[in-house]
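**Student:** After the structure tokens below, expect a handful of questions from me.
Listed below in structure tokens is the structure:
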């Protein structure tokens, strides 16, 4: 056997370097699973391992957390956070962010379309509205529905790393971080550079992006533009899956005499065929979303305190067509395809049954935060307050308004309904360390003018058993407000509920982590006791879904992960394995659940990266999923529902083969190699085997 095949860097020594600020990031790491110590910190850091070619020593930098409520170090940490670093992002056989997240063991990505069209992010058996999405630490989740929360103005080449907090995060981010949070972090300060990525694939898939970065005096600038399109994945039974996606993003960081300024802005435009997205009875659904985002931050730091001011804005405009306009032409007061008038129920010729027009929605979300951090001998303390304003204008969601408003950019649309809410979150947190023991505790109070006050508190403990083993335990509360869709959406098969109340939970977690120079591993157990859970439910003898507060829901779970890095001269570069188990139990009522009991029970991910020849390498991913729950099967031929069907388990295998040097890389992706048939959600079939090839070019100037 070749001795290099399994050669570990066991002779290298470890030494700490200087503490380092991390820009937008909450932490920096090359590890895959990171244990985070205190829930009160927005994110934590892990050691960054870099190889010094001259001394052949392993240098470990411990990073200061600046975007969290209390700055802390990795050596004080205890919670689990998963991170995907830039190096791994470039090697994984995907070209969009939702597929990238799908390789995390305890994240459930339920896709309705490929290449970033639309996907729901669920963590630890929670649903898509219970996961908070952030961009560089700023909230970007959608207040209309979590289906739009991944409308991000960035592409995969803009991302430096992704940080995933598993478990409640209300003490960190405020309300709505119910089961976890995902923070997308864009490129940090880098060299003056132009980088392009061009790719093509089956079904006329074409895409590309260009990003430019540069520093002038004390100001760093980054600009990116990306576009991709495809005919979708067409088969005898599947059509209307085409898409066009445009992203624009700008970021600036400037050091001034007394503080540090940060600015970012972005825009995304998605248009896509939405075959059976929300009901299999209507295969010619179509949707377009336009999302704008802007954020500004100013921070001053001294030896004894820091003050941070932040303001951010997100706007999302959505047009949903139940009958696609370029197939069903709008003629007079009707949408007609040939001689067929668009109807909710075929064969019924009543006025109430004709499709009258599209759904239009516009949401605005404005937030501002002021935070003070104190650093004393008694520990570290954070005080702060955050205000947010959420508004929706729609012809479907909200309460009737006196004077209808024209929909921006639409010739026919009118807003006839509206609703807004104001929210204030006040928080306090304290952290202290005694030798090998770290402790933190804190609380936040959420005041919303549409709902009762909500209190979220908790505490976290971690203890260093040995230099390589650490034990941690935590107990934390969380809560989520209903979305505007939960409250007000009424459609052919859905009925909202304006009397909903916020859902709450108390989560307990305990676990161990192990880490040395080459191997990282962790195991954890959690239990989440949820009350007033918001879900769409129905009785077995009806097909209409109703939004309701389920009395109680208990989620139990376990996670295990291990990752091994090999020396740079080895054939094998990395092997990792992760597995998660979740069990959700409903305590009362006979309703069929659409989301709460429709979760991943088992998920396992195996990853292998290796060299092939010289600068050729391969990266393999194998993912297994076994989902609980059922869906109402629909027969496309007879156009009737045929009863409840269980989700079938499946395993997918993907690979990227690439050649890479300092200035360019060429890659070929094959996804779903064995052409497995599977469904992430209901009757929506996902694509089979797909081929894609691309080239990245980097030029410094």
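In my numbering, the protein residues as written are 1365 to 2065. A virtual CB, placed ideally from N, CA and C, is assigned to each residue, including glycine.
1) Less than 8 angstroms separating the beta-carbons of residue 1516 and residue 1695?
2) Can you give the Cα-Cα distance for residue 1775 and residue 1810, rounded to whole angstroms?
3) Using 8 angstroms as the threshold, is the C-beta distance between residue 2082 and residue 1493 below it?
4) In the DSSP output, which residue or residues are listed as bridge partners for residue 1974?
5) Tell me which residue opens and which closes the beta strand (DSSP E) that residue 1535 is part of.
6) If we count Cβ pairs, one from each stretch, closer than 8 angstroms, do we get three or more for the segment 1532-1550 versus the segment 1782-1792?
7) Excluding the 5 residues preceding and the 5 following residue 1779 in the sequence, name in chain order all residues of the same chain whose CB lies nearer than 8 angstroms to its CB.
8) Considering only DSSP beta bridges, list what residue 1519 is partnered with.
9) Leaving out five residues before and five after residue 1388 in sequence, what residues of the same chain have Cβ atoms less than 6 angstroms from its Cβ?
10) So the candidates are 1877, 1845 and 1823; which of them puts its Cα closest to the Cα of residue 1831?
11) Can you grab the Cα-Cα spacing for the pair residue 1793 / residue 1749, in whole Å?
12) Among the residues of its own chain, which have a CB less than 8 angstroms from the CB of residue 1908, if the five just before and after it don't count?
13) DSSP three-state call for residue 1845: helix, strand or coil?
14) So what does DSSP say about residue 1455, is it helix, strand or coil?
15) Give me whichever residues DSSP pairs with residue 1558 in a beta bridge.
16) What do you reckon, are the CB atoms on residue 1939 and residue 1972 nearer than 8 angstroms?
17) Counting Cβ pairs closer than 8 angstroms, one from the segment 1877-1886 and one from the segment 1919-1938, do we hit at least three?
18) Starting from residue 1484, trace the beta strand (DSSP E) in both directions and tell me its first and last residue.
19) Assuming residue 1534 and residue 1820 are in contact, meaning their beta carbons sit under 8 angstroms apart, how far apart are those beta carbons, in whole angstroms?
20) Could you name the residues of the same chain whose beta carbon sits closer than 7 angstroms to that of residue 1828, not counting the 5 residues immediately before and after it, in chain order?
21) Could you say if the segment 1992-1999 and the segment 2038-2048 meet the contact criterion of at least three C-beta pairs nearer than 8 angstroms?
22) Work out the CA separation of residue 1730 and residue 1754 for me, nearest whole Å.
23) Once DSSP output is grouped into helix, strand and coil, what is the label at residue 2000?
24) Using a 10 Å radius around the Cβ and a threshold of 16 neighbouring Cβ atoms, would you call residue 1661 buried or exposed?
25) Looking only at its own chain, which residues have a Cβ that is under 7 angstroms from the Cβ of residue 1460, when we skip the five neighbours before and after it?
26) Using the Cα positions of residue 1732 and residue 1747, report the straight-line distance between them to the nearest angstrom.
27) By the 10 Å Cβ neighbour count, where 16 or more other Cβ atoms means buried, how is residue 2035 classified, buried or exposed?
28) Give a yes or no on contact between the segment 1636-1651 and the segment 1678-1694, applying the rule of three or more CB pairs nearer than 8 angstroms.
29) To the nearest whole angstrom, what separates the beta carbons of residue 1862 and residue 1815, a pair I think is in contact under 8 angstroms?
30) Please state the DSSP three-state secondary structure of residue 1492.
31) Compute the Euclidean distance between the alpha carbons of residue 1607 and residue 2050, then round it to the nearest angstrom.
32) If we ignore side chains and look at the alpha-carbon of each, how far apart do residue 1558 and residue 1580 end up?
33) In chain order, which continuous runs of the beta strand (DSSP E) of length 3 or greater are located wholly inside the segment 1833-1894?
34) Would you mind reading off the limits of the beta strand (DSSP E) that contains residue 1593?
35) When you compare each of 1634, 1693, 1583 and 1445 to residue 1592 by their alpha carbons, which one comes out closest?
**Tutor:** This is what the structure holds:
1) Position 152 of the chain shown, counted from the first residue, corresponds to residue 1516. Position 331 of the chain shown, counted from the first residue, corresponds to residue 1695. It is not a contact, given that the beta carbons lie outside the stated cut-off.
2) Position 411 of the chain shown holds residue 1775. Position 446 of the chain shown holds residue 1810. Their Cα atoms are separated by approximately 40 angstroms.
3) Residue 2082 is absent from the structure shown; the chain starts at 1365 and stops at 2065.
4) For the purposes of this step, residue 1974 is taken as residue 610 along the chain shown, with counting starting at 1. Partner(s): 1936 and 1982.
5) As a position in the chain shown, residue 1535 is number 171, starting the count at 1. Run containing residue 1535: none in the beta strand (DSSP E); it sits in the alpha helix (DSSP H), 1534-1537.
6) yes
7) In the chain shown, counting from the first residue as 1, residue 1779 sits at position 415. Excluding residues within five positions, the ones whose Cβ falls inside 8 angstroms are 1724, 1726, 1757, 1758, 1759, 1765, 1768, 1769, 1770 and 1771.
8) If you number the chain shown from 1, residue 1519 lands on position 155. In DSSP, residue 1519 forms no bridge with anything.
9) Along the chain shown, one-based indexing puts residue 1388 at 24. Note that residue 1388 scores 34 on pLDDT, short of 50, meaning its location in the model is unreliable; the coordinates nonetheless yield the value given after this. So the list reads 1500 and 1549, once near-sequence residues are dropped.
10) Here residue 1831 refers to the residue found at position 467 when the chain shown is read from its first residue. Closest option to residue 1831, Cα to Cα, is 1877.
11) The sequence position of residue 1793 within the chain shown is 429, counting from 1. The sequence position of residue 1749 within the chain shown is 385, counting from 1. Their Cα atoms are separated by approximately 12 angstroms.
12) The sequence position of residue 1908 within the chain shown is 544, counting from 1. 1857, 1858, 1859 and 1902.
13) If you number the chain shown from 1, residue 1845 lands on position 481. Coil, per DSSP.
14) Looking up residue 1455 in the chain shown gives position 91. Residue 1455: helix per DSSP, three-state reduction.
15) Here residue 1558 corresponds to residue number 194 of the chain shown, with the count starting at 1. Residue 1558 is bridged to 1576 and 2063.
16) Taking the first residue of the chain shown as position 1, residue 1939 is located at position 575. Taking the first residue of the chain shown as position 1, residue 1972 is located at position 608. Yes. Within cutoff.
17) yes
18) The sequence position of residue 1484 within the chain shown is 120, counting from 1. Its beta strand (DSSP E) spans residues 1483-1487.
19) Start at 1 with the first residue of the chain shown, and residue 1534 comes out as number 170. Start at 1 with the first residue of the chain shown, and residue 1820 comes out as number 456. Confirmed, about 4 angstroms.
20) Start at 1 with the first residue of the chain shown, and residue 1828 comes out as number 464. 1800 and 1834.
21) yes
22) Here the question's residue 1754 lines up with position 390 in the chain shown. Here the question's residue 1730 lines up with position 366 in the chain shown. In a straight line, the C-alpha of residue 1754 is about 7 angstroms away from that of residue 1730.
23) Walking along the chain shown from the start, residue 2000 turns up at place 636. Of the three classes helix, strand and coil, the one that applies to residue 2000 here is coil, per DSSP.
24) Indexing the chain shown from 1 puts residue 1661 at position 297. That one is buried.
25) The count along the chain shown starts at 1 and reaches residue 1460 at position 96. So the list reads 1479, 1480 and 1520, once near-sequence residues are dropped.
26) Within the chain shown, the letter at position 368 stands for residue 1732. Within the chain shown, the letter at position 383 stands for residue 1747. Approximately 15 angstroms between the Cα atoms of the pair.
27) For the purposes of this step, residue 2035 is taken as residue 671 along the chain shown, with counting starting at 1. The residue in question, residue 2035, is buried, as its Cβ has 16 or more Cβ neighbours within 10 Å.
28) yes
29) By 1-based counting over the chain shown, the position of residue 1862 is 498. By 1-based counting over the chain shown, the position of residue 1815 is 451. That pair is no contact at about 12 angstroms.
30) Here residue 1492 refers to the residue found at position 128 of the chain shown. The answer is helix: DSSP assigns residue 1492 an H, G or I state.
31) On the chain shown, residue 1607 is found 243 positions in, with the first residue counted as 1. On the chain shown, residue 2050 is found 686 positions in, with the first residue counted as 1. Using only the alpha carbons, I get a separation of about 15 angstroms.
32) As a first step, residue 1558 is located in the chain shown; it is residue number 194 there, counting from the start. As a first step, residue 1580 is located in the chain shown; it is residue number 216 there, counting from the start. Rounded to whole angstroms, residue 1558 to residue 1580 spans 15 angstroms at the Cα level.
33) 1833-1844 and 1867-1879
34) Translated into positions along the chain shown, residue 1593 becomes position 229. Run containing residue 1593: 1583-1594, per the beta strand (DSSP E) assignment.
35) For the purposes of this step, residue 1592 is taken as residue 228 along the chain shown, with counting starting at 1. For the residues 1634, 1693, 1583 and 1445, the minimum Cα distance to residue 1592 belongs to 1634.
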